[in-house]
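Structure first, then comments.
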Amino acid sequence: METGIYIELSANDPRERSRSWGYVLEAPGGKTKHDTGECTSTMHGATLQTLIKALDRYHKPSQITIHAADEWVLNMLENQLPAWEQNSFRNARGEPIKYQQEWEQLAEKVKDHKITIEPGRHEYSAWLQDEMKRGRRDV
13 METGIYIELS
23 ANDPRERSRS
33 WGYVLEAPGG
43 KTKHDTGECT
53 STMHGATLQT
63 LIKALDRYHK
73 PSQITIHAAD
83 EWVLNMLENQ
93 LPAWEQNSFR
103 NARGEPIKYQ
113 QEWEQLAEKV
123 KDHKITIEPG
133 RHEYSAWLQD
143 EMKRGRRDV
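Start counting the sequence shown at 13; every next residue gets the next number (our numbering).
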């Protein structure tokens with residue numbers, strides 16, 4: 013089953029701060045589910061947390077395209093995650109990577125799926141920004 017995860021944050025600056033997050037899950041035929049919330053984290057941390065929440069909704073192996081503005085997280089997911097997993101989520105110096113717990117969770121959640129990435133803004137960006145401002149949830 014081909015599906016999409018569309019992630020949006022209220023602020024895309026790198027520093028740790030309070031920010032809203034939102035995601036839309038889009039299934040074949042255009043059926044959608046979404047959720048929004050708040051967290052205090054960096055852009056990368058918030059993107060990881062939101063992606064984990066979205067992937068929690070999947071119960072069967074799927075083809076998933078992940079759309080998000082955070083190019084770094086998407087590129088690490090696609091290109092670096094297998095190496096980190098093989099090295100027990102440690103960097104070349106043997107130190108734990110930043111967001112180790114989130115990357116471990118993400119590795120577990122994506123293992124049964126075929127993942128593709130689409131960095132940048134997407135068709136739900138403006139709508140999710142409005143939903144985050146309103147604090148609406150559709151869990």
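Where a beta carbon is used, it is the ideal one built from N, C-alpha and C, also for glycine.
Helix, strand or coil at residue i according to DSSP, with G and I counted as helix
i, result
"E135", "coil"
"Q92", "coil"
"V151", "Annotation note: pLDDT 47 at V151 (below 50); position unreliable, coordinate value reported separately. Coil at V151, not helix or strand."
"T62", "helix"
"P40", "helix"
"R176", "A question about residue 176 goes unanswered here, because the residues of the chain that appear run from 13 up to 151."
"H46", "strand"
"K145", "helix"
"K121", "helix"
"E20", "strand"
Classification of residue i by the beta-carbon crowding that lies within 10 angstroms, buried from 16 upward
i, result
"S53", "buried"
"A80", "buried"
"M13", "exposed"
"V151", "Since pLDDT at V151 reaches only 47, below the 50 mark, its modelled position is unreliable, and the value read off the structure follows with that caveat. The residue in question, V151, is exposed, as its Cβ has fewer than 16 Cβ neighbours within 10 Å."
"E107", "exposed"
"G16", "buried"
"E38", "buried"
"E83", "exposed"
"G147", "exposed"
"E20", "buried"
"D124", "exposed"
"D47", "buried"
Any non-hydrogen atom of the ligand NAD closer than 8 Å to residue i Cβ
i, result
"E114", "The ligand NAD is not part of the structure shown, which contains no ligands of any sort."
CB-CB length for residue i against residue j, believed under 8 Å
i, j, result
"H134", "Y18", "5 Å"
"Y111", "L60", "6 Å"
"L63", "I76", "Going by Cβ atoms, the distance from L63 to I76 rounds to 10 Å, so no, they are not a contact pair."
"M55", "N24", "5 Å"
* **Cβ contact check for the stretch 15-32 and the stretch 88-99: 3 or more pairs under 8 Å** => no
* Asked: Are the stretch 67-75 and the stretch 94-104 touching by the rule of at least three beta carbon pairs closer than 8 Å?
  -> no
* Where in the stretch 67-117 do unbroken runs of the alpha helix (DSSP H), each at least 4 residues long, occur, reported from the N-terminal end onward? -> 83-91, 93-98
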